[in-house]
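Visitor:
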Amino acid sequence: MYSKLLNAGACLLPLLACTVDAATFKLPINTNATAIRKISLDAAKVAPVRVGTAVYFQTNPLGKPNEIVAAKINGDGSISSHKRHLTGGKGGAAPVAKEDDDGKIARLQLASTNDALFSQHSVITSGNLLFTVNAGSNDITMFTIDPKDPLQLNKVGKSITSHGDLPVSLAYSPKLKTLCVANSGKRDGVACYDVDPEKGLSCTDKEPLERKIGTVKDGPRGTVSDIFFSDDQKFLVVITKGDNVKNEPSIVDIYRTYPDKKRKVCYEVVRSKITEAPLLFGAVQVSPTKIYATDGSFGLTKLTIDPKTLKVTLQKDADKEVIDFQSATGWIAKHQKHNTVYVTDGKMNRVVEFDASNGERSQEKPFLSGQPGNLDVAIGGDFLYTLSPSNSALGTNVSMVQVMHITGKGTFQDVGAYIFDEKDDIPAGAHGMAMSCKTRVARLGRRAAPLNYFF
Ligand SMILES: *[C@@H]1O[C@H](CO)[C@@H](O)[C@H](O)[C@H]1NC(C)=O
Ligand SMILES: *[C@@H]1O[C@H](CO)[C@@H](O)[C@H](O)[C@H]1NC(C)=O
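Numbering-wise, the sequence shown is residues -22 to -1, 1 to 433 according to mature numbering (1 follows the signal peptide of the UniProt record, and there is no 0).
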């Protein structure tokens, strides 16, 4: 009843009733809390450990009101509470081919995995701004994050149309004050918006979706995976999966940006086809000429970008990194200080680290919870947060945010998970993971070891 009231947006006692405390932070059973704490404390002796203030994801319930969950990060990196905020839009899912009882193909939500949108960055933050897609109502919502309380979000303006079908991924450029959205459905393509912290979003394109994708979509194949601005914000990158069955290449589309023009992102595309990687997924830029992108069919690719032509290539075999036993490598995040990247797998509860200076695989760690996999991943200070929603097809009915402490280059450890209970009602379609932009020095010494274990 409590959470039903919250779902309806009825906050009767503003300070108390809106904070849900049903979920708890726990360590997996058989974990030695004393030993984990010692590793964290030892890391703090070498250099100050930093920690974020909040993480955000969307509940994305199919066809129902979408919400952002804002979860509070404690001084020791654990999570203590969360708050929900209605976006005004609806949750959605990418259609996949599924046979009904008569053997006819029905288009339905994917049941065997819980990545409802086949994408990274469906929720993003920048400074005190937060943006989310509403995949079921084809629109985007903008919030500001209260600088004093990162759990407090204020909606700015009304949700605005994404101009296409199934918006799945967002990119924001602070320099250009521009947001772009990738639509992955039937009417696909990229629309861009001016961002005003007071008035909200306004579309700058005369012909939204002029930036077309134009692929045949078949389940995850052919759908948009990710969109992001380059570090210098001189171009926008859009990544689209190919087809590993029909041997079709993935597509990397690049659009130049123009800070002085009204429309900041041009329409002309530089398109590259990556034959060697048919299921390109999430990506991060690691140097002016290198993009690391995961591939759902084998692991990681180290793509090279020519700064003059903006053509992207996978130059040699060694730039393909096969991750053993991988099942659906998808999401990726970078640790600035250590110059490392971390990737997760939608069907395997494991994080793999790569050294971004030489591209070598430097470490891997499973979570000890028995969850089926991880989706989007975000790093705040020295802690990594990843969403692991429930998945009835793979035998789990709980959703959680799992946490690793990155104690150094090549060393990180599972420090527990924030586990939602039944009343929290975090559906299997939950998606995205974004970090508050503030960090602070962690207070590990004061931590009382978590008393709770799960399973
Ligand atoms: C837990 O770790 C501590 C510190 O490393 C150690 O002294 C203790 O014996 C461990 N306990 C168990 C049950 O393994
Ligand atoms: C999961 O299933 C167990 C056993 O049936 C039940 O006790 C628990 O409340 C369920 N949790 C959620 C989040 O639905």
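We treat Cβ as the ideally placed atom computed from N, Cα and C, and that holds for glycine.
(1) Going by DSSP, what residues sit across from residue 4 in a beta bridge?
(2) Between which two residues does the beta strand (DSSP E) holding residue 21 run?
(3) Less than 7 Å separating the beta-carbons of residue 209 and residue 217?
(4) Going straight from the alpha carbon of residue 237 to that of residue 154, what length do you get?
(5) Residues near ligand 1, CB to any non-hydrogen atom under 6 Å, in chain order?
(6) Taking 7 Å as the threshold (C-beta atoms), are residue 132 and residue 122 in contact?
(7) Please list the terminal residues of the continuous beta strand (DSSP E) segment that includes residue 265.
(8) Does the beta-carbon of residue 92, which I'm using as the reference point, lie nearer than 6 Å to any heavy atom of ligand 2?
(9) Quick one: using the 10 Å Cβ neighbour count with 16 as the cut-off for buried, is residue 12 buried or exposed?
(10) Taking its Cβ as the centre, do 16 or more other Cβ atoms sit within 10 Å of residue 303, making it buried, or is it exposed?
(11) Could you compute how far the alpha carbon of residue 169 sits from the alpha carbon of residue 159?
(12) Would you kindly check if the distance between the Cβ of residue 141 and the Cβ of residue 187 is under 7 Å?
(13) Check whether the Cβ atoms of residue 4 and residue 407 lie closer than 7 Å to each other.
(14) Does ligand 2 have even one heavy atom less than 6 Å from the beta-carbon of residue 116?
(15) DSSP puts residue 132 in a beta bridge; with which residues?
(16) Quick one: residues in its chain with C-beta nearer than 7 Å to the C-beta of residue 383, no 5 flanking neighbours on either side, listed in chain order?
(17) Among the residues of its own chain, which have a CB less than 7 Å from the CB of residue 51, if the five just before and after it don't count?
(18) Nearest-angstrom Cα distance between residue 8 and residue 376?
(19) Measuring only from the beta carbon, is residue 376 closer than 6 Å to any heavy atom that is part of ligand 2?
(20) Excluding five sequence neighbours on each side, which residues of the same chain lie with their C-beta closer than 6 Å to the C-beta of residue 93?
(21) Look at residue 306 and residue 101 and say whether their C-beta atoms are less than 7 Å apart.
(22) Let me check one thing: in DSSP terms, what residues is residue 362 bridge-paired to?
(23) Let me know the secondary structure DSSP gives residue 221 once reduced to three states.
(24) Report the option in 171, 319, 410 and 422 whose CA atom is closest to the CA atom of residue 270.
(25) Distance, Cα to Cα, residue 243 vs residue 152?
(26) For the beta strand (DSSP E) containing residue 156, list its first residue and its last residue.
(27) With DSSP as the reference, please indicate the residues paired to residue 251 in a beta bridge.
(28) What residue does the beta strand (DSSP E) around residue 28 start on, and which one ends it?
(29) Taking the continuous beta strand (DSSP E) assigned at residue 387, which residues delimit it?
(30) State the CB to CB distance for the pair residue 386 and residue 21, rounded to an integer number of angstroms; the pair is presumed to be in contact (CB under 8 Å).
(31) Rounding to the nearest angstrom, what Cα-Cα distance links residue 240 and residue 181 in this structure?
(32) Looking at residue 284 and ligand 2, is the gap between the Cβ and the nearest heavy atom below 6 Å?
(33) Give every residue of the same chain whose Cβ lies closer than 6 Å to the Cβ of residue 195, excluding the five residues on either side of it in the sequence, and list them in chain order.
(34) Among 263, 26, 348 and 373, which one has its Cα closest to the Cα of residue 440?
(35) Quick check: is any heavy atom of ligand 2 less than 6 Å from the C-beta of residue 403?
(36) Return yes when the Cβ of residue 260 is within less than 7 Å of the Cβ of residue 98, no when it is not.
Guide: The structure says:
(1) Partner(s): 395.
(2) Segment 11 to 24 is the alpha helix (DSSP H) holding residue 21; no beta strand (DSSP E) there.
(3) Not closer than 7 Å, so no.
(4) Answer to the nearest angstrom: the Cα atoms are 6 Å apart.
(5) Going along the chain, the residues that qualify are 10, 12, 13 and 16.
(6) Between residue 122 and residue 132, the C-beta gap is smaller than 7 Å, which places the two residues in contact.
(7) 258 to 265 is the extent of the beta strand (DSSP E) around residue 265.
(8) Relative to the non-hydrogen atoms of ligand 2, the Cβ of residue 92 never comes closer than 6 Å to any of them.
(9) With fewer than 16 Cβ atoms within 10 Å of its Cβ, residue 12 is classed as exposed.
(10) By the neighbour-count definition (other C-beta atoms within 10 Å, threshold 16), residue 303 is an exposed residue.
(11) Taking the straight line joining both Cα atoms gives about 6 Å.
(12) Annotated as proximal: residue 187 and residue 141, with beta-carbon spacing under 7 Å.
(13) No, Cβ-Cβ distance for residue 4 and residue 407 is not below 7 Å.
(14) Distances taken from the Cβ of residue 116 to the heavy atoms of ligand 2 include none shorter than 6 Å.
(15) Looking at the DSSP output, residue 132 shares a beta bridge with 122.
(16) Taken in chain order, the residues that qualify are 18, 55, 360, 361, 390, 391 and 393.
(17) Closer than 7 Å at Cβ, skipping near neighbours: 29, 30, 31, 32, 33, 57 and 358.
(18) One alpha carbon belongs to residue 8, the other to residue 376, and they sit about 19 Å apart.
(19) Checking every heavy atom of ligand 2 against the Cβ of residue 376, one is found closer than 6 Å.
(20) Excluding residues within five positions, the ones whose Cβ falls inside 6 Å are 324 and 353.
(21) Between residue 306 and residue 101, the CB-CB gap reaches or exceeds 7 Å.
(22) Answer by DSSP bridge pairing, in chain order: 357 and 382.
(23) In this structure, residue 221 counts as strand in the three-state DSSP scheme.
(24) Nearest to residue 270 by C-alpha distance, out of 171, 319, 410 and 422, is 319.
(25) Those two C-alpha atoms are separated by around 13 Å.
(26) Its beta strand (DSSP E) spans residues 156 to 161.
(27) Answer by DSSP bridge pairing, in chain order: 229.
(28) Residues 28 to 30.
(29) Where residue 387 is concerned, there is no enclosing beta strand (DSSP E), given that its DSSP letter is neither H nor E.
(30) The Cβ separation is near 7 Å, so the contact holds.
(31) Roughly 11 Å separates the two Cα atoms.
(32) False, no ligand heavy atom lies under 6 Å from that Cβ.
(33) Same-chain partners within the cutoff: 201.
(34) Shown here, the chain extends from -22 to 433; a query on residue 440 therefore has no answer.
(35) Flag unset: Cβ of residue 403 not near ligand 2.
(36) Result yes, Cβ atoms of residue 98 and residue 260 sit closer than 7 Å.
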